[in-house]
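Residue numbers (numbering that gives the first Met the number 0): 0 to 606.
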Amino acid sequence: MSTFLELGLKEPIIKALTDLGYEKPTVIQEKAIPQIISSTDDLKAFAQTGTGKTAAFSLPIIELLEASNNNVQAIILSPTRELAVQIGNNIKDFCKYIKDIRVTTVYGGSSIEDQIRSLKKGSQIVVGTPGRTVDLINRRALKLGNVQWLVLDEADEMLNMGFKDELDKVLEATPETKQTLLFSATFPREVESIARNYMTKPIEITSGQKNQGSDNVSHEYYSVTERTRYPALKRIADLNPNIYAIIFCRTRRETQEVADNLIKDGYSADSLHGDLSQAQRDSVMGKFRKKTIQILVATDVAARGLDVSELTHVINHKLPDQIENYTHRSGRTGRAGNKGISIVLVNGKEKGKLRPIEKIIQKKFIEAKVPSGKEICQNQLMNLIDKVQAIEVNETQINEFLPSIYEKLKDLEREELIQKFVSLEFNTMLAYYENAKDLNDLSSRDNSRARSTNENMTRFFINIGRKDSLNPAKLIGLINDQNIGDKIEIGAIDILDTFSFFELDKNFEDKALDAFSSNQPDFDGRSVNIEVTKKERSGGKRRGGSKKPFGKKDGGFGRRRSAEGSSSKRRSDSSSIRRTDRPDRSERNSGGERKSSSGFGRRRREN
Ligand code: AMP
Numbered sequence: 000m001s002t003f004l005e006l007g008l009k010e011p012i013i014k015a016l017t018d019l020g021y022e023k024p025t026v027i028q029e030k031a032i033p034q035i036i037s038s039t040d041d042l043k044a045f046a047q048t049g050t051g052k053t054a055a056f057s058l059p060i061i062e063l064l065e066a067s068n069n070n071v072q073a074i075i076l077s078p079t080r081e082l083a084v085q086i087g088n089n090i091k092d093f094c095k096y097i098k099d100i101r102v103t104t105v106y107g108g109s110s111i112e113d114q115i116r117s118l119k120k121g122s123q124i125v126v127g128t129p130g131r132t133v134d135l136i137n138r139r140a141l142k143l144g145n146v147q148w149l150v151l152d153e154a155d156e157m158l159n160m161g162f163k164d165e166l167d168k169v170l171e172a173t174p175e176t177k178q179t180l181l182f183s184a185t186f187p188r189e190v191e192s193i194a195r196n197y198m199t200k201p202i203e204i205t206s207g208q209k210n211q212g213s214d215n216v217s218h219e220y221y222s223v224t225e226r227t228r229y230p231a232l233k234r235i236a237d238l239n240p241n242i243y244a245i246i247f248c249r250t251r252r253e254t255q256e257v258a259d260n261l262i263k264d265g266y267s268a269d270s271l272h273g274d275l276s277q278a279q280r281d282s283v284m285g286k287f288r289k290k291t292i293q294i295l296v297a298t299d300v301a302a303r304g305l306d307v308s309e310l311t312h313v314i315n316h317k318l319p320d321q322i323e324n325y326t327h328r329s330g331r332t333g334r335a336g337n338k339g340i341s342i343v344l345v346n347g348k349e350k351g352k353l354r355p356i357e358k359i360i361q362k363k364f365i366e367a368k369v370p371s372g373k374e375i376c377q378n379q380l381m382n383l384i385d386k387v388q389a390i391e392v393n394e395t396q397i398n399e400f401l402p403s404i405y406e407k408l409k410d411l412e413r414e415e416l417i418q419k420f421v422s423l424e425f426n427t428m429l430a431y432y433e434n435a436k437d438l439n440d441l442s443s444r445d446n447s448r449a450r451s452t453n454e455n456m457t458r459f460f461i462n463i464g465r466k467d468s469l470n471p472a473k474l475i476g477l478i479n480d481q482n483i484g485d486k487i488e489i490g491a492i493d494i495l496d497t498f499s500f501f502e503l504d505k506n507f508e509d510k511a512l513d514a515f516s517s518n519q520p521d522f523d524g525r526s527v528n529i530e531v532t533k534k535e536r537s538g539g540k541r542r543g544g545s546k547k548p549f550g551k552k553d554g555g556f557g558r559r560r561s562a563e564g565s566s567s568k569r570r571s572d573s574s575s576i577r578r579t580d581r582p583d584r585s586e587r588n589s590g591g592e593r594k595s596s597s598g599f600g601r602r603r604r605e606n
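Here it is, written out as C-alpha cells:
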C-alpha cells in the first residue's frame, strides 16, 4: 500500500491529512489520486459511501489547481445539502495549510445572497446541489466557463432524485476541455447514459466489486406482517441496548410515523426527512452524531449527508423502491473497520426482493428470528451487569452516604442484595415480556390466514368504526358514493370500535385507493382513509384493544412503553391513503417547515 506522498500529493496537504488522522490512503484514493493528477482523461469511479471518495476526488484537484487564479476551477455536484456541506467542510480541512484557496458551498434552504457574495470574492472550488447551482448559473452569479474539473458525486442518487435536467444544464455551462469525474455506488441505465453522453472514453476505477456491499456488514432478514412489523422493530431495538442505528423508511410519512411511535414508546429516537427545515435537520443530525439520539429514522435522501462511522445497525423498515439503493443504506454501517448489521423487515410479498439484492451485494441474507421476551431480558440483564462491572466508583463523593446505606442493608445476604438491585432495574421489563407472544409465530399465522381467505377479494382497512356510528349499510353507502365502478362486489365487512375492514373485488383495488384518495370523503365530519390490509378475518377486538402492561412509567430502561403492536396514531386525522405517499424528494423542497406532528421537544430517554 502506498503513502499519500507516493500518490503525488504535496507537503501541506499531507500535513492536513495527518491532522485529520488519515494515515494511509483508502483503496479508492490509491487508485483515483494518481490517475487524476497524471491524466486529464475522464474518470468513472464505482465507490460506495464511506470508502473515502471525497478525498479521492478533492485531493488531486487541490494539488493541481492554481491558487492565484480566482476563477471557479472545480465544480462539485452532490445530491443533498448535507452532503454538499460535508464535502465543502472536508475540502476546507484539506486546504488548511494552503493559502488562497477558497471554497464556496451552495445549496437550497439557505440565503442565496450570502452565497452570491461569497462567489463574488472569488472561489476556485464550488460545491453545490444541482438545483441551487443552476439557479446561480441563471443569475450569472456562478460562471463555469473556466472549469477544469466537474465532479458528479453520488450520480445515481442525483438522477434518482430527478435532477437530470439540472445536470444537463450544468454540463452545458462547463467547457468541453474539462475533466469529468463521476462517482457512483451503482450504475443503473441512467448513470451509464450520462457517462456515455457527457464523458469521453472514461477510465474506470473501482473500490471493490461494482455495487458490492462492504465485507464488514452482515445481512439479516426478519419475516413480519404489517401487524408485527413495528413490534418486531421494537424487539430488535430492545435486544440491543447499545444500538446506534438508522432505520430507513421509503417516505416522509412512514418516517414520521415510525419515529413518533418510537418516541412515544420511550426510545431515544428522532426523525430526519424532507419536511424538516435545514435548521431542524442540522439539529437532529447534530444530536445523532453526538449520540444523544440512539436511533435515527430517516428517508434515503435525508440520510445521504450523514457521515457517521460507528453505526451498529442499519434497519430497513421497508425495502427501498429501487433495490440498488439497498447498498447505499447498508453501506452506512460497517465503516472504518467496524462490523455492522443490516437488517431487513419483510412481509411475504417483499421477500421476493431479497434474491435480486443478494445478487448485487454478492452475499446471502441470513434469516433471523424475532427475539423472544426471554432473550431480550437476558441481553438487557447482561448489559446491565457489564455496566455494573465497568462503572467507576467516585469514592470521595459517595463515601459520606455509604455508612447509612450499609446500615440499612446490613441484614441482606449478598445474593439477596443482587436479586433486589436487578429486580429494581428489571421488574417492569420482565413483566412486560412475561407473556410476550412469539412474533415469528404470529407472522406466519397472519400470512397463512391471508392466503386462506377469498383470493378474489382485497381487504381494506378504514379508519372509522362503531364509535363514529358506522354500520354496514352506511359503509356500503360510503363506498358507493366514491364512484369506484359499476356493480363492484363488496365482500365481508367487519365493523370494530374505532376502525373497520371491508372487502372489495380485487380488480378494483387501485381504483378504490385512487377514489378515496382524490375524493377525500368525510364521515360525520371525520376524514376518511383506507388502506389495503391483510385478509385476516376479524373475530372481535384484535388490534384496537391492546393492554398496556407497562402502565405509566417504567423504572427499567428509563423508557416508557406501550403495549406491543399498539403503534399510536392510526392515521386517524388526515384523509389520505398510504399508497399515495410519495418517496422523499427533500432536496427539491428546500426550506420546508416541519409539520406540527413532529417528535421534537418530546421526552427523551433519561440516561
Ligand atoms: P467518504 O467516503 O468520503 O464519505 O469518507 C468516509 C469517512 O472516512 C469520512 O469520515 C472520512 O473522513 C474518512 N476517511 C476518508 N479517507 C480516509 C483515510 N485515508 N484514512 C482515514 N479515514 C478516512
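Glycine residues also receive a C-beta, built at the ideal position from the N, C-alpha and C atoms.
Taking the continuous beta strand (DSSP E) assigned at residue 342, which residues delimit it? Its beta strand (DSSP E) spans residues 339-345.
Residue 265 versus residue 65: straight-line alpha-carbon distance, rounded: 54 angstroms
Selected residue, minimal CA-CA separation from residue 436, among 234, 511, 340, 421: In terms of Cα proximity to residue 436, the closest of 234, 511, 340, 421 is 234.
Quick one: any contact between the region 148-163 and the region 105-118, if contact means 3 or more CB pairs under 8 angstroms? no
So what's residue 581 in DSSP terms, helix, strand or just coil? Bear in mind that the predicted position of residue 581 carries a pLDDT of just 34, short of 50, making it unreliable; the figure below should be weighed with that in mind. Coil at residue 581, not helix or strand.
State the Cα-Cα distance for the pair residue 68 and residue 237, rounded to the nearest angstrom. Looking at the backbone, the Cα of residue 68 and that of residue 237 are separated by about 57 angstroms.
Taking all protein chains shown into account, do 16 or more other C-beta atoms lie within 10 angstroms of the C-beta of residue 501, making it buried, or fewer, making it exposed? buried
Select from 269, 358, 420 the residue whose C-alpha is nearest the C-alpha of residue 387. 420
Inter-stretch contact (C-beta, 8 angstroms, three-pair minimum) for the region 237-257 and the region 345-365: no
On the DSSP bridge assignment, give the partners of residue 270 in chain order. 296
Measuring CB atoms only, is the region 281-292 touching the region 318-334, in the sense that at least three cross pairs come out at less than 8 angstroms? no
For residue 579 and residue 190, I'd like the C-alpha separation in whole angstroms. For residue 579, the predicted model reports a pLDDT of 26, less than 50, meaning its position is unreliable; a value from the coordinates is still stated below. Residue 579 and residue 190 have their C-alpha atoms roughly 27 angstroms apart.
For residue 178, which three-state DSSP category applies? strand
To which residues does DSSP link residue 73 through a beta bridge? In the DSSP assignment, residue 73 is bridged to 124, 148.
Let me know the secondary structure DSSP gives residue 5 once reduced to three states. coil
Pairwise C-alpha distance: residue 330 and residue 93: So the two alpha carbons sit approximately 24 angstroms from each other.
Could you tell me whether the Cβ atoms of residue 36 and residue 3 are closer together than 9 angstroms? Against a cut-off of 9 angstroms, the Cβ pair of residue 3 and residue 36 comes out as no contact.
Other residues of its chain near residue 467: CB distance less than 7 angstroms, five sequence neighbours each side excluded: 522, 523, 525
Residues in the same chain with beta-carbon distance under 7 angstroms from residue 258, minus the five sequence neighbours each way, listed in chain order, please. 268, 269, 270, 296, 598
So, with DSSP's three-state summary, where would you put residue 376? helix
Can the beta-carbon of residue 186 be found less than 9 angstroms from the beta-carbon of residue 52? no
By the three-class DSSP mapping on this structure, what secondary structure does residue 258 have? Helix, per DSSP.
Evaluate the contact criterion for the region 245-255 versus the region 382-396: three or more CB pairs, one atom per stretch, below 8 angstroms. no
If you measure between the beta carbons of residue 499 and residue 476, is that distance less than 9 angstroms? No. Outside cutoff.
Going by the CB atoms, is the gap between residue 146 and residue 174 shorter than 9 angstroms? yes
Would the beta-carbon of residue 23 be found less than 8 angstroms away from any heavy atom of the ligand AMP? yes
Along the beta strand (DSSP E) that carries residue 490, what are the first and last residues, could you check? Its beta strand (DSSP E) spans residues 489-494.
Can you tell me the Cα-Cα spacing of residue 426 and residue 407, whole angstroms? 22 angstroms
When you compare the CB positions of residue 334 and residue 308, do they come within less than 9 angstroms of one another, or not? yes
For residue 43, which three-state DSSP category applies? Secondary structure at residue 43: strand, using DSSP grouped into helix, strand and coil.
Residues that residue 245 bridges to, as DSSP identifies them: 295, 313
Three-way DSSP call (helix, strand, coil) for residue 96 in this model: coil
Three-state secondary structure (DSSP) of residue 381: Helix.
Let me check you understand the geometry: is the CB of residue 19 closer than 8 angstroms to at least one non-hydrogen atom of the ligand AMP? yes
Using 8 angstroms as the cut-off, classify the Cβ of residue 48 as near or not near the heavy atoms of the ligand AMP, replying yes or no. At least one heavy atom of the ligand AMP is nearer than 8 angstroms to the Cβ of residue 48, so yes.
Once DSSP output is grouped into helix, strand and coil, what is the label at residue 284? helix
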